[in-house]
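Peer 1: Let me give you the structure first, and then I'll get to my questions.
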RNA sequence: GCGCGAUUAGCUCAGCGGUAGAGCACUUGCUUCACACGCAAGGGGUCGCUGGUUCAAACCCAGCAUCGCGCACCA
């Protein structure tokens, strides 16, 4: 097939024309080859015969196969594209909105404030689907809030993304044969800044392309002078309060970027390795060996003890004795510690206090020496012995195992699977490492827990509150210093004359506090001081984002913010920390609602990632489906919280919906003026039904918004517009739009269309802002922007009597049912396409005026030449009929007709009715059901029983007549 | 190991006590004067398994299975 497509492409004309295959049956199908927008791009073009092989494609061959190729199709050639082409429309409105500063938030406005701060996107990456989903949701919320009359601030910005940005620039330097060390700190930072200037804005421009209604005049950046002052100020304040301290602790060390990381920046990954069993000789009991299991033989040079459980009978007697560490050879003690699990391995643990968290703690408990055998870059140092000095830790593992084997000390090794911490950014295994770092004891922990537990801040979906509570209960101090150059440099200076002392980590916390200078500005005598080399963790600036981005009046008005939209993977990184920062520094919660989006996965359920190459190019998607199409498609699959399987078909659905809307409006425009002055327009029952449905849809949408159920909102809009308004209502009024129709009916139809379109555009706008704005203008619904239009207060049928509405709806639905059944009957006789049939409607209400009005509707929609109402019609043998809510419909057929299909259909229906009847009857025959079920349920079942029985009788009668 | 979530049509998912739904895919028909990115008519499901509660269970409860995600110092 793809070969055929290739060939088709060769025939593709330049610019805008299209190919069609026309089959001998005069069926017209679009060809897949042309990307001009007029034709389908479905992967399987229908009706291309398998015989159509590459090489046999020329026109002649197609002719012989009964196919003709025409280009361009004469029907389509002279009309402009009937598919909505989003590109120009989206550009146009983006520009107009921006020119009009329509997104600007006014702190002086008397309206109720509504605010969101954008989660700063990572400027080192390109726009990915996660951003698109996330920001679409924010934009939907912001636009809806505007239309509900709020003064909206959606504040955009970016952060400096410390590690990520530094990595990118270092890689760039590497390609140039340079390094940051060669450049020096100042020049390097300047270089990063210029990279940022060039690339930092790209992703925000891409968000504009998506239609995001951010107040771009307030774009913020974590390196803005005011923001920097806020970050450093917070550091100083927390330091003075004693929440920040410096000390030697076990940290997560990334040997690649050579910096400490917080626990959140470490991801656990299942790793396949080996469990090595080795033996150490007991010095005090020569000839006796202790067998030890380890996954990391390369650290044995750092072992300073061997530990067993104190109650372990196998080894209890050895506690206090010494064993021989094979290399560098040294005696190390056997100690007893409760931490040891006697069940694991051999029940003996080698203790390496310098390179393992648990071992470090054991070491602390037993006063063991710390032997650090690793360099910061993950290679081994002198302490590991001459054989190992300079080797990478991975190589050292193999070598250590080999050496043990050579010494006869390696018992065996078996394949082993365990969880190893990896650096989230650099992707290499983390090294637990003892180092001198800055830490934060989190402030306002209890208040932050309570804010969420009490519902003051609401998480959606709610289940994240539990995760949050769990994390808050087990919260650990935060390592906030990073050994990087790009970021906010720690505002601490050390006295030059005591610098060595201080850096050795030997000073007590007290002594340190009295020696250092901590302040927003450098000390007055800088020559006597040395500033700390480290910068702060990027998240130490991000956690201030909701308020540090706002100046006085803005904060006064728009803080606390209303909603935060983010992915659950940064609940701890960001959300929890913002809550603590907000409570600590503003005395208020930073936001009232947090909506967690799902994580987008590919169709196989894998995370989208650059390395897997399964991440689609979003800009291309925006080009192909339009921003509105992408927004709508993504929102439809954005469930309330769980993961999202991405499927491009959904975007296609969004694009198709845009085209559907476009064409529905085109249809309206073709009908001309609505004669608004027409005194007494006649509203058809279908018009009333449609406005009632519109009303229901609007209410359901409002509820779905209140519950942040975005997929439901999109579904409601789609269902109403496509399945009801287009498929039913527009079809039902086509009779009224004929030139010969009564003017009052025509006016009623046109006015109803306008009323529904107007209200529908208002509802749809937050999701598909561009096309709705364009159509609002084309339809001339209002002078200003649709985006600034308030949602209407009442319903579309407020001026109608409720009893009339209810009655009309029942009638309209009955007509719909009759149409469906009549079409069905035609199809059953293979007459689906024929318009040359007659129907006879036998109904008790045949004399009613309203029914007379509906006869033409029935005729048009069922596709009949004639429909006649006849209450006294007697069904002749062999004439098929069907039971509808309007009455029975018969289809007298001329000549011989195969009735077997219809008989089969009726039999199938009878089987279903019998099954249903059985269920209902057994229910009603059950005394405890009749006793205990609510009366309305019992009534409902009784009604159903009599309906079913009647239906059954009539079907049997029809079957009888058919069998003639 | 603990916690959370998922399991419904071929696929992606909605429904969360009272007659199993949507979109896509599939079948059939359609040059119907808004739309083939369309219209119409169809086919397709013991709602993961086993128990329990209930007049009534896809839905509530318990257990199990499978998958996914968090958290956790088992070397």
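Residue numbers (our numbering): 1 to 964. The beta-carbon is built from N, C-alpha and C at its ideal position, and this holds for glycine as well. Bear in mind that the values here come from a model prediction, so they are computed numbers and not experimental data.
(1) Using a 10 Å radius around the Cβ and a threshold of 16 neighbouring Cβ atoms, would you call residue 936 buried or exposed?
(2) So, with DSSP's three-state summary, where would you put residue 389?
(3) Quick one, which of 251, 133, 196 has its alpha-carbon nearest residue 211's?
(4) Shortest alpha-carbon distance to residue 946 belongs to which of 926, 930, 913, 932?
(5) Going by Cα to Cα distance, which pick from 741, 303, 413, 704 is closest to residue 360?
(6) Which residue spans inside the segment 717-781 form an unbroken alpha helix (DSSP H) run of at least 4?
(7) From this set, 810, 657, 315, 353, which residue's C-alpha is nearest residue 336's C-alpha?
(8) With distances taken between CB atoms, is the gap from residue 488 to residue 231 smaller than 9 Å?
(9) Run through the DSSP bridge pairs and tell me what residue 272 is partnered with.
(10) From the DSSP output, read off the bridge partner residues of residue 532.
(11) Run through the DSSP bridge pairs and tell me what residue 883 is partnered with.
(12) Tell me, which residues are paired with residue 158 by DSSP?
(13) At what residue ranges does the segment 556-643 contain a whole run of the beta strand (DSSP E), taking only runs of 3 or more?
(14) So, with DSSP's three-state summary, where would you put residue 472?
(15) Between residue 685 and the rest of its own chain, which residues show a CB-CB distance below 6 Å, the 5 nearest in sequence each way excluded?
(16) Where does residue 350 sit, in a helix, a strand or coil, going by DSSP?
(17) Should residue 344 go down as buried or exposed, given a rule of 16 or more other Cβ atoms within 10 Å for buried?
(18) Would you kindly check if the distance between the Cβ of residue 323 and the Cβ of residue 290 is under 9 Å?
(19) Does the Cβ of residue 423 have 16 or more other Cβ atoms within 10 Å, making it buried, or fewer, making it exposed?
(20) Can you give me the C-alpha to C-alpha distance between residue 385 and residue 429, rounded to a whole angstrom?
(21) Here's a check: name, in chain order, each residue in its chain whose Cβ is nearer than 6 Å to the Cβ of residue 58, leaving out the five neighbours to either side.
(22) Quick one, which of 712, 626, 680 has its alpha-carbon nearest residue 657's?
(23) For residue 915, count neighbouring Cβ atoms within 10 angstroms of its own Cβ and tell me buried if that reaches 16, exposed if not.
(24) Helix, strand or coil for residue 871? Go by DSSP, reduced to three states.
(25) Going by other Cβ atoms of all chains shown within 10 Å of its Cβ, with 16 needed for buried, is residue 775 buried or exposed?
(26) Can you give me the C-alpha to C-alpha distance between residue 153 and residue 757, rounded to a whole angstrom?
(27) Quick check on this structure: which residue in 733, 953, 859, 369 has the alpha carbon closest to the alpha carbon of residue 354?
(28) Check the DSSP bridge columns for residue 493 and list the partner residues they point to.
(29) Leaving out five residues before and five after residue 862 in sequence, what residues of the same chain have Cβ atoms less than 6 Å from its Cβ?
(30) Look up residue 422 in the DSSP assignment and give the residues it is bridged to.
(31) What's the call for residue 217, buried or exposed, on a 16-neighbour Cβ count within 10 Å?
(32) Taking just the CA atoms, how far does residue 397 sit from residue 296?
(33) Of all the beta strand (DSSP E) runs that stay within the bounds of the segment 169-256, which reach a length of 3 or more residues?
(34) Quick check: the segment 765-772 against the segment 79-93, are at least 3 beta-carbon pairs closer than 8 Å?
(35) Just the Cα atoms here: how many angstroms apart are residue 559 and residue 762?
(36) Cβ atoms of residue 581 and residue 227: under 9 Å apart, would you say?
Peer 2: The relevant details are as follows:
(1) Exposed.
(2) Residue 389: coil per DSSP, three-state reduction.
(3) For residue 211, the closest alpha carbon among the candidates 251, 133, 196 is that of 133.
(4) For residue 946, the nearest C-alpha among the options comes from 913.
(5) When the alpha-carbon of residue 360 is set against those of 741, 303, 413, 704, the nearest one is in 303.
(6) With a minimum length of 4 residues, the continuous alpha helix (DSSP H) runs that stay inside the segment 717-781 are 743-764, 769-778.
(7) Taking only the C-alpha atoms, the option nearest residue 336 is 315.
(8) Closer than 9 Å, so yes.
(9) DSSP output for residue 272 lists 417 as bridge partner(s).
(10) Answer by DSSP bridge pairing: none, since residue 532 is not bridged.
(11) Note: residue 883 sits in a beta bridge opposite 888.
(12) Note: residue 158 sits in a beta bridge opposite 221.
(13) The beta strand (DSSP E) runs lying completely inside the segment 556-643 and spanning 3 residues or more are 561-566, 591-596, given in chain order.
(14) Three-state DSSP puts residue 472 in a helix.
(15) Result list for residue 685: 808, 811, 812, in chain order.
(16) In the structure shown, residue 350 falls within a strand segment according to DSSP collapsed to helix, strand and coil.
(17) With fewer than 16 neighbouring CB atoms inside 10 Å of its own CB, residue 344 falls in the exposed class.
(18) Yes.
(19) Burial check for residue 423: the Cβ neighbour count within 10 Å reaches 16 or more, so the residue is buried.
(20) Taken atom to atom, the span from the alpha-carbon of residue 385 to that of residue 429 is near 23 Å.
(21) Unreliable positioning characterises residue 58 in this predicted model, as indicated by a pLDDT of 26, which lies under 50. The coordinate reading is nonetheless provided below. None.
(22) Here the closest residue by C-alpha is 626.
(23) Taking every protein chain shown into account, the CB of residue 915 has fewer than 16 other CB atoms within 10 angstroms, so this residue is exposed.
(24) In the structure shown, the three-state DSSP call for residue 871 is coil.
(25) Looking at its Cβ environment, which holds 16 or more other Cβ atoms inside 10 Å, residue 775 is buried.
(26) Cα to Cα, residue 153 sits roughly 29 Å from residue 757.
(27) For the options 733, 953, 859, 369, the alpha carbon positioned closest to that of residue 354 is the one of 369.
(28) Answer by DSSP bridge pairing, in chain order: 517, 531.
(29) A distance below 6 Å between beta-carbons, with the five flanking residues on each side excluded, links residue 862 to the following residues of its chain, in chain order: 819, 822, 823.
(30) According to DSSP, residue 422 bridges with 267, 429.
(31) Exposed: under 16 other Cβ atoms inside 10 Å.
(32) Answer to the nearest angstrom: the Cα atoms are 7 Å apart.
(33) Runs of the beta strand (DSSP E) inside the segment 169-256: 244-254.
(34) Judged by Cβ distances under 8 Å, the segment 79-93 makes contact with the segment 765-772, as three or more pairs qualify.
(35) So the alpha carbons of these two residues sit roughly 28 Å apart.
(36) No, the pair does not count as a contact, with Cβ atoms beyond the cut-off.
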